[in-house]
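Novice: The structure is given below, and queries will be raised subsequently.
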Amino acid sequence: MEQESNYLKSEQELRDKQDELYNKSFESINQKGQSSGHKNLLELMTSEATILTAIHRIKANKGSRTAGSDHKLMKPDILQKDYPKVVQLVQENFRNYRPEPIKRKYIPKPNSKELRPLGIPSIIDRVIQECVRLIIEPILEAQFFQHSYGFRPMRDSSSMALVRTTDIVHITGHYWIIEGDISKFFDCVNHTILIKKLWNMGIRDRRVLMIIKAMLKAGIMDELKENPIGTPQGGIISPLLANAYLHAFDQWVTREWENKKTSYPYAQKSKQFERLRKTTRLKETYLVRYADDWVLITNSKRNAEKWKYKITKYLKERLKLTLSEEKTLITDIRRRPIKFLGFEIKAIKGKAKNGHILVSKPNQQRLKEKVNEIHKTIKKIKKATRKDDLIHWINLINSKIRGLIQYYECTTKVNVYMGKYVDKLHYAAYLKLRKHGGYKIPAKRVDNLRSAHEKYETKIPMVEYNELKIGVTRLDFCRWKKPKNKSPKETPYTKLGRQIYMNRTNKKPIKVRADELLSLNWSKIIKIGHKGKLYNFEYFMNRAYAFNRDKGRCRVCGELLQGDDVHIHHVNPKLPIEEVNRVPNLASLHEHCHQMIHSSKDYSMVGKVIWEKVLGFREKLGLT
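Using our numbering, you'd call the opening residue of the sequence shown number 46 and step up by one each time.
Here it is in structure tokens:
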């Protein structure tokens with residue numbers, strides 16, 4: 046099945062190939078107006094480097110601890126198995142792909158009494174979905190509309206959609222907005238239409254399209270043998286496929302104004318829009334989409350009504366989707382706010398160019414639900430019977446409070462509306478901690494969340510633990526924070542795009558996995574007999590990440606490691622199997638340094654610093 050030219054040998058080759066696929070797709074769209082075809086994609090998906098990356102990504106996700114219909118889990122059924130056998134298992138499943146039925150799970154919908162169905166695939170199906178996603182995402186990303194934000198790398202942020210919406214209203218002075226709602230979108234995706242759209246977007250490997258079709262048709266455990274329509278929420282690849290499905294909608298709307306093709310190329314969009322206003326009767330409109338939630342901003346009620354009619358017809362005829370008549374609203378935001386992604390946006394009279402200023406605030410119902418969830422978590426503190434259990438609950442509560450603040454800090458009225466619920470949470474936390482010897486002190490004096498607390502004298506409840514003061518934070522420790530503008534060129538699949546992301550977020554890019562280790566001393570490991578439970582898939586995956594953490598240097602002598610002189614040592618090989626191969630328990634060493642650790646000889650002649658490190662490793666092995 047493998048074609049040597051398309052077989053990826055390392056994560057660096059995978060990343061280079063992703064960049065190449067993105068660039069080819071992007072250039073083709075810009076030069077020819079259509080995507081070029083990409084074939085031989087299956088070979089890329091079944092490469093060892095792709096499989097390793099897919100498993101590592103899934104392992105890092107909380108969902109890896111949830112079993113699918115086959116009751117298998119990531120740790121015992123993948124990570125603790127033999128490395129070559131896991132790779133072979135994934136490749137064989139690709140060759141004869143028949144997905145397991147998905148497991149149904151229902152979760153509450155925000156602002157609704159209804160439940161949202163999630164479809165949980167089996168672990169092996171999740172791995173295969175991630176392998177497919179890793180290869181087709183760059184091809185599709187190069188074509189997606191620059192102002193669709195949901196479930197996309199480097200732009201999966203509701204605050205970006207909020208800022209784009211408010212910026213458009215502020216710049217244009219247009220206050221009529223359609224709040225779009227597609228009825229049961231994920232449940233109504235037509236498989237035939239989706240596969241055709243993937244083909245038209247450049248996925249021209251028929252084997253891959255058949256695998257995706259099989260994923261879509263996977264049955265539901267104890268309900269359906271085969272699923273004739275829809276893409277299950279909960280599948281790794283579902284959000285990407287959903288964006289591909291709605292890409293045609295984005296194109297259809299934006300070609301009428303935002304991306305209108307003109308005979309004369311304009312360097313600035315503002316100049317083009319100015320010309321279109323003067324010379325055409327086009328209905329000026331701007332689209333902002335986040336997954337299946339979207340808003341359309343236009344200049345009059347009449348235009349909004351025309352667009353709503355056109356969109357209803359387009360979705361029904363072209364995509365077999367229904368626009369909810371009840372939930373799709375036409376709103377003049379000077380009179381009442383729109384509700385979008387948990388935010389409320391309204392224009393009020395003020396000293397601005399257009400006579401109105403925009404204010405945003407958390408959606409009251411959504412915020413109240415989240416606060417009630419945190420309140421329930423605070424009540425669970427009573428379950429803590431030991432001090433370390435208590436600290437766990439405090440950390441969990443703080444993470445939920447800070448998460449809520451970070452979600453809503455992009456709204457202009459965040460401190461006002463968060464302040465309404467402060468007393469409820471603060472008093473509940475104080476009562477619970479008081480039973481464990483807790484009391485109140487100024488927030489700036491606690492030892493946890495220092496960056497969030499350092500400016501506040503307000504007292505918060507806390508407990509003492511190992512000579513540290515651990516406090517429960519407050520919901521009103523927040524200020525409005527305008528997100529930085531999103532550059533259309535920001536993407537994980539170009540050098541420039543990664544640099545722009547790094548400049549915006551101050552986050553360094555993730556290091557490429559040192560896959561040379563896997564190839565250079567795999568045969569040597571087999572030769573010296575390192576087999577068995579200790580040297581499982583997780584070991585072979587994590588030793589490359591341990592090498593990166595150690596910056597390619599020996600943990601004993603500090604010198605650079607090269608070629609087959611690299612050994613990865615278990616600091617404490619007696620740990621349980623689920624802990625022994627985690628990155629913190631692995632150390633990169635030279636072969637001779639490794640031998641010194643496992644020897645009982647005196648090597649003090651190598652120098653005090655090196656000898657002390659050798660003794661330190663011996664102590665953890667119980668050899669001293």
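Glycine included, each C-beta is placed from N, C-alpha and C at the ideal position.
Taking Cβ positions, are isoleucine 439 and isoleucine 505 nearer each other than 8 Å?
Specialist: In terms of Cβ geometry, isoleucine 439 and isoleucine 505 do not form a close pair [threshold 8 Å].
Novice: Which stretch, first to last residue, makes up the beta strand (DSSP E) that contains threonine 343?
Specialist: 338-343
Novice: Where does glutamine 278 sit, in a helix, a strand or coil, going by DSSP?
Specialist: strand
Novice: Can the beta-carbon of isoleucine 390 be found less than 8 Å from the beta-carbon of threonine 503?
Specialist: no
Novice: If distances are taken between C-alpha atoms only, which option among Asn408, Asn626, Lys421 comes closest to leucine 124?
Specialist: Asn626
Novice: Would valine 659 be called buried (16 or more neighbouring beta carbons within 10 Å of its own) or exposed?
Specialist: buried
Novice: Taking Cβ positions, are leucine 321 and threonine 299 nearer each other than 8 Å?
Specialist: no
Novice: Just checking: is the beta-carbon of isoleucine 423 within a distance shorter than 8 Å of some beta-carbon in chain B?
Specialist: The structure shown has no chain B; it contains just one protein chain.
Novice: Cα separation between tyrosine 101 and lysine 120?
Specialist: The sequence as given places histidine at residue 101; tyrosine does not occur at that position. Straight-line Cα distance between these residues: approximately 11 Å.
Novice: Using the C-alpha atoms, what's the distance from aspartate 61 back to asparagine 689?
Specialist: The question about residue 689 has no answer here: the residues shown for the chain are numbered 46 through 669.
Novice: Fully enclosed by the segment 199-267, which alpha helix (DSSP H) runs are 4 residues long or longer?
Specialist: Here the runs fully enclosed are 203-217, 236-245, 251-261.
Novice: So, at 8 Å on beta carbons, what are the nonlocal neighbours of threonine 237 in its own chain, with the 5 sequence-adjacent residues on each side left out?
Specialist: none
Novice: Please determine, among Tyr52, Leu620, Ile103, Phe585, the residue with the shortest C-alpha to C-alpha distance to methionine 90.
Specialist: Tyr52
Novice: Arginine 378: which of Ser345, Pro407, Leu368 sits nearest, CA to CA?
Specialist: The residue asked about is misnamed: residue 378 is isoleucine in this sequence, not arginine. Selected option, being the one with the closest Cα: Ser345.
Novice: Expressed to the nearest angstrom, what Euclidean distance is found between the alpha-carbon atoms of leucine 565 and isoleucine 282?
Specialist: Because leucine 565 carries a pLDDT of 49, less than 50, the predicted location of this residue cannot be relied on, and the following value inherits that uncertainty. In this structure, the alpha-carbon of leucine 565 lies about 33 Å from that of isoleucine 282.
Novice: Taking only the alpha-carbon atoms, compute the straight-line gap between arginine 149 and leucine 118 and give it to the nearest angstrom.
Specialist: 16 Å
Novice: Got a sec, what are the start and stop residues for the alpha helix (DSSP H) aspartate 295 sits in?
Specialist: 283-299
Novice: Pick from Tyr194, Ile450, Gly264: whose alpha carbon is nearest that of valine 416?
Specialist: Ile450
Novice: Spell out the partners DSSP gives alanine 632 in its beta bridges.
Specialist: His614
Novice: Does the count of Cβ pairs from the segment 306-326 and the segment 258-272 closer than 8 Å reach three?
Specialist: no
Novice: Could you give the first and the last residue of the continuous beta strand (DSSP E) run that contains proline 382?
Specialist: Careful: proline 382 lies outside any beta strand (DSSP E) and carries neither H nor E.
Novice: How should aspartate 170 be labelled, buried or exposed, when 16 other C-beta atoms within 10 angstroms of its C-beta is the threshold for buried?
Specialist: buried
Novice: Assuming contact is defined by CB atoms lying nearer than 8 Å, are isoleucine 4 and valine 132 in contact in what I supplied?
Specialist: Since the first and last residues shown for the chain are 46 and 669, residue 4 lies out of range.
Novice: In the DSSP assignment, what residue or residues form a beta bridge with serine 193?
Specialist: Arg334
Novice: Would you call the segment 632-648 and the segment 617-624 touching, i.e. three or more CB-CB distances under 8 Å?
Specialist: no
Novice: Based on the DSSP secondary-structure assignment, which residues constitute the bridge partners of glycine 516?
Specialist: Met507
Novice: With burial defined as no fewer than 16 other Cβ atoms inside 10 Å of the residue's Cβ, what is the status of arginine 363: buried or exposed?
Specialist: exposed
Novice: For glycine 667, does the count of other Cβ atoms within 10 angstroms reach 16, so buried, or fall short, so exposed?
Specialist: exposed
Novice: Let me know the secondary structure DSSP gives isoleucine 555 once reduced to three states.
Specialist: coil
Novice: Name the residue from Glu301, Ile257, Arg558 whose alpha carbon lies nearest to the alpha carbon of phenylalanine 592.
Specialist: The shortest C-alpha separation from phenylalanine 592 is found at Arg558.
Novice: Who are serine 92's beta bridge partners in DSSP?
Specialist: According to DSSP, which records beta bridges pairwise, serine 92 is partnered with nothing at all.
Novice: Below 8 Å CB to CB, which residues in the same chain sit around leucine 360 once its five sequence neighbours on both sides are set aside?
Specialist: Ile227, Phe294, Leu366, Thr367, Leu368
Novice: Can you say whether valine 177 is buried or exposed, counting buried as having 16 or more other CB atoms within 10 angstroms of its CB?
Specialist: Residue burial annotation: valine 177 is buried, with at least 16 other C-beta atoms found within 10 angstroms of its C-beta.
Novice: Would you be able to state if there are at least three C-beta pairs under 8 Å between the segment 430-438 and the segment 237-253?
Specialist: no
Novice: Within the chosen definition, does the segment 205-223 reach the segment 543-560 through at least 3 CB pairs nearer than 8 Å?
Specialist: no
Novice: Using a Cβ-Cβ cut-off of 8 Å (strictly less than) and excluding sequence neighbours within five positions of asparagine 617, which residues of its own chain qualify?
Specialist: Val625, Asn630, Lys665, Leu666
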